[in-house]
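The UniProt record's numbering puts the first residue of the sequence shown at 1, with every later residue one more than the last.
Just so you know, even glycine gets a beta-carbon here, dropped at the ideal spot from N, CA and C.
Below is one structure, written out as structure tokens, with a few remarks after it.
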Amino acid sequence: MSWDQIVHKHYPGALTCSQAVDENIKFLEDELGGDRTKTLLAKSRCADDLVSTRKTFSEYLSDPFQLGGLAGFPFTGRTGMTAYSHHIPDGGTAFILYGPHIGVTADGDIGKVLRPGQSRCTTACGALVGAVGVLETGNSLESSNDDFQLPQIVKMLTPSRDRILDADSPIKEATQVSYEIIQDQVDQIIDATIKEFSCKRILLLGSIRINTDAGFEDYMTIESRKHIDL
Numbered sequence: 001m002s003w004d005q006i007v008h009k010h011y012p013g014a015l016t017c018s019q020a021v022d023e024n025i026k027f028l029e030d031e032l033g034g035d036r037t038k039t040l041l042a043k044s045r046c047a048d049d050l051v052s053t054r055k056t057f058s059e060y061l062s063d064p065f066q067l068g069g070l071a072g073f074p075f076t077g078r079t080g081m082t083a084y085s086h087h088i089p090d091g092g093t094a095f096i097l098y099g100p101h102i103g104v105t106a107d108g109d110i111g112k113v114l115r116p117g118q119s120r121c122t123t124a125c126g127a128l129v130g131a132v133g134v135l136e137t138g139n140s141l142e143s144s145n146d147d148f149q150l151p152q153i154v155k156m157l158t159p160s161r162d163r164i165l166d167a168d169s170p171i172k173e174a175t176q177v178s179y180e181i182i183q184d185q186v187d188q189i190i191d192a193t194i195k196e197f198s199c200k201r202i203l204l205l206g207s208i209r210i211n212t213d214a215g216f217e218d219y220m221t222i223e224s225r226k227h228i229d230l
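This is the structure:
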């Protein structure tokens with residue numbers, strides 16, 4: 001099967017990353033009248049190297065301000081968003097990309113990916129696979145100064161435990177639940193910090209990044225796109 005067929009089996013509406021970038025840069029420039037040279041990108045994406053090294057929008061825009069931590073949750077919170085809001089070019093656009101990621105292999109296995117230089121598939125998103133494993137045990141994790149993000153992720157997913165574990169693919173469902181939580185958190189953080197923004201507009205793009213095996217292009221779903229004129 002082609003990668004389109006493999007990915008669309010799990011995510012029928014997914015675009016290649018290059019298609020998604022072209023479509024949304026065109027929207028920024030043609031529909032909103034934005035200037036890419038006056039646009040500052042921010043990402044609430046996972047810290048996974050597959051997400052940070054396979055560039056998408058940052059090839060056309062600025063290097064991104066990082067809002068996210070494990071699994072793409074906006075762990076920098078209001079402090080991070082406030083700092084970002086103060087960095088945007090005058091009269092420009094705040095472009096915020098958010099959401100989790102998930103791997104898919106050439107065999108169609110979801111929640112795994114073949115990484116560069118490796119001969120075996122590993123988990124993606126590893127943090128969400130780990131969180132699902134904790135949910136399966138019914139236990140909680142104690143947060144500590146040297147490991148607080150995964151316990152927080154487990155805590156955020158716990159209200160949806162039955163939904164996740166009863167699904168045909170718990171990792172796919174956990175990814176969808178995570179997207180919904182991330183979107184709500186980003187919206188709440190924007191509402192709390194909106195007065196800090198002095199730019200012309202905020203463009204918010206929510207998506208699930210779909211990692212493919214090493215050497216092939218990633219895909220993205222477009223879950224939500226909205227803009228706020230300031």
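From this set, the options, which residue's C-alpha is nearest residue i's C-alpha?
i           : options            : result
residue 229 : 112, 208, 195, 211 : 195
residue 19  : 223, 48, 219       : 219
residue 101 : 226, 225, 227, 206 : 206
residue 162 : 40, 136, 212, 180  : 136
residue 117 : 213, 94, 110       : 213
residue 41  : 227, 27, 60        : 60
residue 188 : 217, 79, 200       : 79
residue 86  : 28, 199, 208, 210  : 199
residue 110 : 21, 8, 29, 184     : 8
residue 159 : 90, 140, 57, 4     : 140
residue 130 : 119, 149, 185      : 149
residue 25  : 56, 112, 3, 191    : 56
residue 3   : 103, 166, 128, 146 : 103
residue 123 : 1, 30, 211         : 211
residue 128 : 179, 142, 90       : 179
Would the beta-carbon of residue i fall within 8 Å of that of residue j?
i           : j           : result
residue 125 : residue 49  : no
residue 64  : residue 43  : yes
residue 106 : residue 182 : no
residue 203 : residue 15  : no
residue 84  : residue 221 : no
residue 17  : residue 223 : no
residue 225 : residue 51  : no
residue 92  : residue 22  : no
Can you find the residues in the same chain that come closer than 8 Å, C-beta to C-beta, to residue i, ignoring five residues on each side of it along the sequence?
i           : result
residue 164 : 132, 135, 157, 170, 173, 174, 177
residue 197 : 85, 88, 94, 230
residue 227 : 32, 201, 202, 203, 204
residue 146 : none
residue 74  : 44, 67, 68, 80, 81, 98, 182, 185, 186, 189
residue 167 : 173
residue 247 : Any answer about residue 247 is impossible in this case: the structure gives the chain only from 1 up to 230.
residue 62  : 39, 40, 41
I'd like the list of long-range same chain contacts for residue i, defined as Cβ closer than 6 Å, with 5 residues on each side in sequence excluded.
i          : result
residue 76 : 67
residue 45 : 51, 68, 72
residue 81 : 189, 193
On the DSSP bridge list, what partners appear for residue i?
i           : result
residue 66  : 43
residue 36  : None; residue 36 has no bridge partner.
residue 226 : 204
residue 174 : Beta-bridge pairing links residue 174 to no other residue.
residue 209 : 101, 220
residue 121 : 114
residue 144 : 147
residue 95  : 41, 203
residue 16  : 219
For residue i, which residues from the same chain have a beta carbon less than 7 Å from its beta carbon, with the 5 sequence-adjacent residues on both sides left out?
i           : result
residue 114 : 105, 121, 213, 214
residue 108 : 6, 9
residue 70  : 46, 47, 127, 149, 150, 153
residue 58  : 41, 64
Does the pairing of the stretch 96 to 116 with the stretch 139 to 153 give three or more beta-carbon distances under 8 Å?
no
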